[in-house]
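Q: Numbering (my numbering), first residue to last: 2 to 189.
We put the CB at the ideal spot given by N, CA and C, even for glycine.
Put into structure tokens, the structure is as follows:
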């Protein structure tokens, strides 16, 4: 199980690195269903989006241990990736909605990275969580890569392009934390 998680982590890190070099990583066109999301609901471009953010904060507050808090943050990150994908499907050229969505994604990714660095090993539970994290990270990378490709040459989107690059960096930092947890598990 741990060897599988280590292999998955190294594979994911390699794919993120290759994707960062502009090489296509995944050829398929993801849907929000591929992320395990049935419906995104209110999107970041909606003025009532703050209700959704409030709900996520409440969900995080009622997560009692570090692993459940990390899972809650990963769920939020996954929902935000689905929102980015949905915005892309609905209004692919609207930067304003994307900016808010990617900014939210980046902030949640930073919080998840912080949570992961403090996470204590819980054996099989952490291995299952890490497998889910790696799977979702690869899918999120594809969604962010689609944005980078779309807005790469737009002069009015330079700041947004850099924001997406920054979000991808946070995603890579999350994956970089994984091998440390696998090493801790081997010590047990």
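If you draw a straight line from the C-alpha of residue 43 to the C-alpha of residue 30, how long is it?
A: If I take the Cα positions, the gap works out to 22 angstroms.
Q: Given a cut-off of 8 angstroms on the beta-carbon distance, is the pair residue 78 and residue 110 in contact?
A: The answer is yes: Cβ separation under 8 angstroms.
Q: Nearest-angstrom Cα distance between residue 63 and residue 41?
A: Those two C-alpha atoms are separated by around 22 angstroms.
Q: Just the Cα atoms here: how many angstroms apart are residue 102 and residue 119?
A: Roughly 26 angstroms separates the two Cα atoms.
Q: Would you give the residue range spanned by the alpha helix (DSSP H) that residue 137 belongs to?
A: Where residue 137 is concerned, the enclosing alpha helix (DSSP H) stretches over 125-152.
Q: Going by DSSP in three states, residue 155 sits in which element: helix, strand or coil?
A: Here residue 155 sits in coil by DSSP.
Q: My output table needs one value for residue 52: the three-state DSSP class, helix, strand or coil.
A: Reduced to three states, the DSSP call for residue 52 is helix.
Q: Identify the continuous alpha helix (DSSP H) that holds residue 98 and give its terminal residues.
A: Unbroken alpha helix (DSSP H) run through residue 98: 96-119.
Q: With C-beta atoms as the reference, is residue 145 less than 8 angstroms away from residue 168?
A: It is a contact, given that the beta carbons lie within the stated cut-off.
Q: Quick one: grab the DSSP three-state call for residue 40.
A: Residue 40: coil per DSSP, three-state reduction.
Q: Could you pull out every residue in the same chain whose Cβ sits closer than 7 angstroms to the Cβ of residue 181, ignoring the five residues on either side in sequence?
A: Same-chain partners within the cutoff: there are none.
Q: CA-CA distance, residue 190 and residue 147?
A: This structure gives no information on residue 190, because the portion of the chain shown stretches from 2 to 189.
Q: Buried or exposed for residue 49, please, with buried defined as at least 16 other CB atoms from any protein chain shown within 10 angstroms of its CB.
A: So residue 49 ends up on the exposed side.
Q: Measuring only the C-alpha atoms, how far is residue 66 from residue 174?
A: Whole-angstrom Cα-Cα distance: 22 angstroms.
Q: How big is the Cα-Cα spacing for residue 149 and residue 156?
A: Distance between the alpha carbons of residue 149 and residue 156: 13 angstroms.
Q: With distance defined between alpha-carbon atoms, name the residue in 34, 58, 136 nearest to residue 108.
A: That would be 58, whose Cα lies nearest to the Cα of residue 108.
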